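Okay, structure first, notes after.
There are 2 protein chains.
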Amino acid sequence: MVKIKDVARLAGVSSATVSRVLNGVSTVDADMAEQVRAAAKSLDYRANGVARSLRLQRTDVWALIISDIGNPFFTAVARGVEDVAQREGFSVVLCNTDENSDKEARYIDVAEREQVAGVIMSPNMFGSDISRLTSAGIPVVAIDRPLREPVDSVLVSSGDGARDAVLHLFEQGWTRPACVTGPAQADTAEQRLAGYREAFARTGRRPARSLVRHGDYRAEAAQSAVASLLDSPHPPDSFFVANSSMALGALAEFTRRRLVPGKDVGLVAFDDAPWAKFVSPPLSVVVQPTYDIGVRAGELLLERVRRLTDAKPRIVMLSTELVVRESSLRRGRRRS
Amino acid sequence: MVKIKDVARLAGVSSATVSRVLNGVSTVDADMAEQVRAAAKSLDYRANGVARSLRLQRTDVWALIISDIGNPFFTAVARGVEDVAQREGFSVVLCNTDENSDKEARYIDVAEREQVAGVIMSPNMFGSDISRLTSAGIPVVAIDRPLREPVDSVLVSSGDGARDAVLHLFEQGWTRPACVTGPAQADTAEQRLAGYREAFARTGRRPARSLVRHGDYRAEAAQSAVASLLDSPHPPDSFFVANSSMALGALAEFTRRRLVPGKDVGLVAFDDAPWAKFVSPPLSVVVQPTYDIGVRAGELLLERVRRLTDAKPRIVMLSTELVVRESSLRRGRRRS
DNA sequence: TTGTACGCGTTATCAC
DNA sequence: GTGATAACGCGTACAA
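Below, the structure is given as structure tokens:
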């Protein structure tokens, strides 16, 4: 490893001068500066980030702790975060907790020990403990779900999105939409359920409790929920499912029963997915502004990291958009 | 921030003793050790990782640099890597390059500056420059694609997988399978194409050049490739596509033309995906041992990080498995 | 067994 | 404008 002293020796100056030149602080004699740059280049010198962090008591890296790396939602968010971080000279490292509190705790630990400049995280279902971070003075921004402690957050009004989706189902002429949502512990799942109920209220209907199912946000759970709903005495004629994985489960069950979405049954899902517009029929979805969530979270974090503000925790609330494709439509039987 | 000295003062010992107790080295008086642990706990002390790294000249973190975080293949690999890392006391941070050489270079830079213990990476299409890492003595393991420089690698015999998939198409009675593969620069794309050709050779056929298309591994490219193939004078009757995103494009085009996979047209895709078994009909795929790739890569890296071996670069070659679902079958027209 | 003191590589302060 | 030097927090060789 080549150190700053090596560069200094080669350039015939002190290490202090090398540091000044390379960091562009203070004024340095132009010729000398050139010498230093040449020496650094020829030795292929790179400052040791660890030593630098120790001295500066800070880092240029952000940690992005997310609860499910396989979820397209988070990968899109990650791109947004990365773009603002990079633009501002920070690097972001991803940490995947798989919705597991232990893993999450470990990563929070790492973030603290490694003195990251800031953390953006999607809390896990059971409520995350970020006290280590806050007491270490590391700014935190929450996304997707709120944190118990008040911190900057970027949230989505998913209740409204769910409501609009179900209203759309009603407008299409479906009369008994069911709701297949996530675990009762998950804040997002409850919000989407609330939106579903609000659609009933708005249209003067009484939501039947028997039309609601909770699952674990995965395809298999949704499939059996849909099956049980369909087998019930008074089955639904359409479905609102709370995320895209669950939509897959619903689709599978429809296929098994030879039910054609957009004709025999209605379907709207929360969350878009790369495959959603390619399946047959294309899936109607409530899309979240994923990339933008990442950007906004990055911007909030940036202000804290730079100590540009000490305002009390801010909440950015973003809206969803209903994208009607075909699965939610209600058409006469197609001729085959 | 509470430092080791604070703990020492509270416990009434020197900081050296605190360090010894907390790291479990040397022998320390039992009572004293207990004092120290109590003090550390009451102060909620955590060693400063940056200072520790500087002193030790090493870190406990691995960098996993992947070329596309949205690709389920990599997320599964990541889980494998994480599991062995965690078991061995390392943390892994993910870095997403989006197949972009600049981003990749930046992350390699970060990995070097932050002195990560080791790096596992999927090289980008154009050949990655890891010289910074190797010259800094940081072990590197390549996955998915080989690196120019000889390093430990975990690869998949995707040529064989492709060959078997196309042979399966022949066995089903399809006679003119087309190949929609990735960019010519991508090693994996070329291998899969070679496997496709080998299937023709094995069965004594002559592969028609006109049945091959290159794309960028994304759905849209595949869709137009499939369209142009279908519109050609002597169209194919089935398709082998080189990854799961491309399968989506193919599926979309089939739907547009009211072609039913598994009946009117055959389809096999390289790579599994969460949605593959839920679409209609379920997609036949060549699955890669994704999780295992991660585990093996982790194990190779571990040996280097621990300096357990200085053997010359090793290559682990893993096999694919053909999972026949329905899209590749050739059945008589179903009655509707 | 325990404490003192040094060094890891860098940047900032203070003289010059 | 430039150089010597202290300090960041930790682990360990060495002395006691």
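Chains V and F, in that order, are what the protein sequence lines are. Per our numbering: the first sequence = residues 1 to 336. Per our numbering: the second sequence = residues 1001 to 1336. Heads up, the beta-carbon is just placed ideally off N, CA and C, and yes, glycines get one too. None of the values given here were measured: they were computed from a predicted structure.
Worksheet item: leucine 132(V) and aspartate 102(V) look like a contact to me (Cβ under 8 Å); what is the Cβ gap, rounded to whole Å?
Response: First, the amino acid is wrong: residue 132(V) is arginine here, not leucine. At roughly 14 Å, the Cβ-Cβ gap does not stay under 8 Å, so arginine 132(V) and aspartate 102(V) are not in contact.
Worksheet item: Start and end of the alpha helix (DSSP H) containing valine 1081(F)?
Response: 1072-1087
Item to complete: Under 8 Å Cβ to Cβ from glycine 266(V), same chain only, skipping five residues before and after it: list those, please.
Response: Leu169, Gln172, Trp174, Pro177, Asp237, Ser238, Phe239, Ser327, Ser328, Leu329 and Arg330
Worksheet entry | Rounded distance between the beta-carbons of phenylalanine 270(V) and serine 158(V), thought under 8 Å | 7 Å
Worksheet item: Is the Cβ of aspartate 44(V) closer than 9 Å to any Cβ of chain F?
Response: yes
Fill in: Proximity of alanine 250(V) and alanine 273(V) at Cβ, strictly below 9 Å
no
Discussion item. Relative to the C-alpha of alanine 1186(F), which candidate in Pro1282(F), Arg1037(F) and Ser1067(F) has its C-alpha closest?
Written reply: Ser1067(F)
Worksheet item: Since alanine 162(V) contacts valine 286(V) with CB under 8 Å, what's their CB separation in whole angstroms?
Response: 7 Å
Practice prompt. Note down, in chain order, every chain F residue with its Cβ under 7 Å from the Cβ of tryptophan 275(V).
Written response: Leu1248 and Trp1275
Worksheet entry | Spatial neighbours of alanine 11(V) in its chain, beta-carbon cut-off 6 Å, leaving aside the 5 residues before and after | Gln35, Val36 and Ala39
Discussion item. So leucine 1094(F) contacts chain V; which residues on that side make the cut at Cβ distance below 8 Å?
Written reply: Ile69, Val93, Leu94, Cys95 and Asn96
Item to complete: Check whether the Cβ atoms of valine 25(V) and leucine 64(V) lie closer than 9 Å to each other.
Response: no
Worksheet item: Out of Val324(V), Thr203(V) and Val156(V), which has the shortest C-alpha to C-alpha gap to proline 289(V)?
Response: Val156(V)
Discussion item. According to DSSP, simplified to helix, strand and coil, what is glutamine 96(V)?
Written reply: According to the sequence shown, residue 96(V) is asparagine rather than glutamine. Residue state, collapsed to three classes: strand.
Worksheet item: Got a sec, what are the start and stop residues for the alpha helix (DSSP H) leucine 10(V) sits in?
Response: 4-11
Practice prompt. Have a look at tryptophan 62(V) and glycine 89(V) and give me their C-alpha separation to the nearest angstrom.
Written response: 11 Å
Worksheet item: Run through DSSP, which three-state label would isoleucine 293(V) get?
Response: helix
Item to complete: May I ask you to list the residues that DSSP assigns as paired with proline 1261(F)?
Response: Val1265(F)
Item to complete: Pick out the complete beta strand (DSSP E) segments inside the region 188-266 of chain V, 3 residues or longer, and give them in chain order.
Response: 212-214 and 238-241
Worksheet item: Using the beta-carbon count (16 or more within 10 Å), is leucine 56(V) buried or exposed?
Response: exposed
Practice prompt. Could you pull out every unbroken alpha helix (DSSP H) segment of at least 4 residues lying fully inside the region 1037-1065 of chain F, listed in chain order?
Written response: 1049-1056
Practice prompt. Kindly indicate if chain V contains any beta-carbon less than 9 Å away from that of glycine 1049(F).
Written response: yes
Item to complete: Would you kindly check if the distance between the Cβ of glycine 195(V) and the Cβ of valine 166(V) is under 9 Å?
Response: yes
Worksheet item: Less than 9 Å separating the beta-carbons of glycine 298(V) and aspartate 83(V)?
Response: yes
Fill in: Runs of beta strand (DSSP E) wholly within the region 1106-1183 of chain F (minimum 3 residues, chain order)
1118-1121, 1140-1143, 1152-1156 and 1177-1181
Worksheet item: Name the residues in the region 114-144 of chain V whose C-beta lies less than 9 Å from a C-beta of chain F; which are they?
Response: Glu114, Gln115, Arg132, Ser135, Ala136 and Gly137
Item to complete: Mark aspartate 29(V) as exposed unless 16 or more other C-beta atoms lie within 10 angstroms of its C-beta, in which case mark it buried.
Response: exposed
Worksheet item: the region 305-331 of chain V: which residues have C-beta closer than 8 Å to a C-beta of chain F, in chain order?
Response: none
Fill in: Nonlocal neighbours in the same chain, by C-beta distance under 6 Å from alanine 1111(F), ignoring five residues either side
Ala1063 and Val1119
Worksheet item: Who are the near neighbours of valine 316(V) in its chain, counting only those whose CB is closer than 6 Å to its CB and skipping five residues on each side?
Response: Val154 and Arg296
Discussion item. Cβ closer than 8 Å: which chain F residues qualify as neighbours of proline 72(V)?
Written reply: Gly1070
Fill in: Limits of the beta strand (DSSP E) - the one that phenylalanine 1019(F) falls within
Note that residue 1019(F) is serine in the sequence shown, not phenylalanine. No beta strand (DSSP E) contains serine 1019(F), which is instead part of the alpha helix (DSSP H) from 1015-1023.
Discussion item. Please tell me whether tyrosine 107(V) has its Cβ less than 9 Å away from any Cβ of chain F.
Written reply: yes
Practice prompt. Go ahead and label serine 91(V) buried or exposed: buried means 16 or more other beta carbons lie within 10 angstroms of its beta carbon, across all protein chains shown.
Written response: buried
Worksheet entry | Nearest-angstrom Cα separation, counted from leucine 1193(F) out to isoleucine 1143(F) | 20 Å
Practice prompt. Counting only the same chain and skipping the five closest in sequence on each side, list residues whose C-beta sits under 8 Å from that of valine 7(V).
Written response: Ser15, Val18, Val36, Ala39, Ala40, Leu43 and Tyr45
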